[in-house]
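Everything on this sheet refers to the single structure shown next.
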Amino acid sequence: MGRQPCCDRVGLKRGPWTIEEDHKLVHFILNNGIQCWRTVPKLAGLQRCGKSCRLRWINYLRPDLKRGALSEAEEDQIIELHARLGNRWSKIASYFPGRTDNEIKNHWNTRIKKRLQLMGIDPLTHQPIDKEKYQHEPDDKTELLSITETYDKRNETENFIENANDISLPNNMLSENINEELWNKSFKTMSTCYSPSISLEAEESINFSTTSNVAAAPAEEEDSVQQWMDSIFSCAINQLEEDLFLLRKYN
DNA sequence: AACCAACCCAACCGCAACGGT
DNA sequence: CACCGTTGCGGTTGGGTTGGT
Numbered sequence: 001m002g003r004q005p006c007c008d009r010v011g012l013k014r015g016p017w018t019i020e021e022d023h024k025l026v027h028f029i030l031n032n033g034i035q036c037w038r039t040v041p042k043l044a045g046l047q048r049c050g051k052s053c054r055l056r057w058i059n060y061l062r063p064d065l066k067r068g069a070l071s072e073a074e075e076d077q078i079i080e081l082h083a084r085l086g087n088r089w090s091k092i093a094s095y096f097p098g099r100t101d102n103e104i105k106n107h108w109n110t111r112i113k114k115r116l117q118l119m120g121i122d123p124l125t126h127q128p129i130d131k132e133k134y135q136h137e138p139d140d141k142t143e144l145l146s147i148t149e150t151y152d153k154r155n156e157t158e159n160f161i162e163n164a165n166d167i168s169l170p171n172n173m174l175s176e177n178i179n180e181e182l183w184n185k186s187f188k189t190m191s192t193c194y195s196p197s198i199s200l201e202a203e204e205s206i207n208f209s210t211t212s213n214v215a216a217a218p219a220e221e222e223d224s225v226q227q228w229m230d231s232i233f234s235c236a237i238n239q240l241e242e243d244l245f246l247l248r249k250y251n
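Quick note on UniProt numbering: the first sequence kicks off at 1 and runs consecutively.
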């Protein structure tokens, strides 16, 4: 018999988080930090399990989260990394400071997969799809353009909102008066806790003041910086190749 | 306006990995 | 080494949103 799930206790709340719960969790973590997730809900006065609190914090409330849609360059880098690493979302996410594995996974499943399929590329193998089995001809220009346009519009709107606020706090917390010193301190603490694969050197190079879009190099590999540069380089090459492909296709 | 289907993403689940004893 | 508690990860799902009819 397996281990008991952590959320089976009667009386624990599940489902979407309320603003009040978010506030409680954020204030508790910013003032006390995290020693043990299991104790967090109890001490913060939340009727949630620790696992749920951890997920909410990591995927939504973390101060160093980068809000807004992923850029085309980020998307291309995801494709490149996925080709190398497969479905290792947390590993892939470590290349995108401020992005969560969940966010990247969702983006892959809802957008990138389709984009690749439309281009005649198998999202699993990253190889061209067999012509006979290929359902969507890439000649379907309108379909491809409609996806791109929809995404661009959303991107524009989200970027506008993000710039207007000029802060990466969740929208429902913008008016909250949070202790600035604690907030800044938490950037350091949390980025260390939740980006374990980012080296200290790389971490120092990251501007956590909410506007950073610099990718960090993972620390495990000895030649991480070289790999990082390679990935950026190959990303640029991929983009170029893709643009050429589309140009040849539609002109 | 009402309905429906497709889409999107926050949240959940279960297992793996890790660390302490 | 075995056991146990905790955290991390990847797959999946449910419900809200959007777009089309």
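Beta carbons: idealized from backbone N, C-alpha and C, even for Gly.
No experiment lies behind these values; they were computed from the predicted model shown.
Check: With C-beta atoms as the reference, is residue 70 less than 8 angstroms away from residue 98?; Outcome: no
Check: Is the CB-CB distance between residue 41 and residue 50 below 8 angstroms?; Outcome: yes
Check: Name the residue from 83, 84, 102, 30 whose alpha carbon lies nearest to the alpha carbon of residue 90.; Outcome: 102
Check: Would you check if the distance between the CB atom of residue 77 and the CB atom of residue 60 is smaller than 8 angstroms?; Outcome: no
Check: Under the three-state reduction of DSSP, which class applies to residue 17: helix, strand or coil?; Outcome: coil
Check: Please report the distance separating the alpha-carbon of residue 13 from that of residue 48.; Outcome: 5 angstroms
Check: For residue 35, collect the residues of the same chain with a Cβ closer than 7 angstroms to its Cβ; drop the 5 residues on either side in sequence, then sort them by chain order.; Outcome: none
Check: Considering residue 102, what are the terminal residues of the alpha helix (DSSP H) in which it resides?; Outcome: 101 to 107
Check: For residue 39 and residue 121, I'd like the C-alpha separation in whole angstroms.; Outcome: 46 angstroms
Check: With DSSP collapsed to three states, give me the class of residue 12.; Outcome: coil
Check: With H, G and I counted as helix, E and B as strand and the rest as coil, what does DSSP make of residue 41?; Outcome: helix
Check: Evaluate residue 124 with the Cβ neighbour count: other Cβ atoms within 10 Å of its Cβ, from every protein chain shown; 16 or more gives buried, anything less gives exposed.; Outcome: exposed
Check: Which residue wins for smallest C-alpha separation from residue 115, given the options 72, 81, 92?; Outcome: 72
Check: Assuming residue 68 is part of the alpha helix (DSSP H), what are its boundary residues?; Outcome: No alpha helix (DSSP H) contains residue 68, which DSSP labels as neither H nor E.
Check: Hey, residue 92 and residue 82: beta-carbon distance below 8 angstroms or not?; Outcome: yes
Check: In chain order, what residues of the same chain lie with their CB nearer than 8 angstroms to the CB of residue 79, ignoring the 5 residues before and after it?; Outcome: 112, 116, 126, 238
Check: How about residue 25 and residue 56: do their beta carbons lie closer than 8 angstroms?; Outcome: yes
Check: How is residue 34 classed by DSSP in three states: helix, strand or coil?; Outcome: coil
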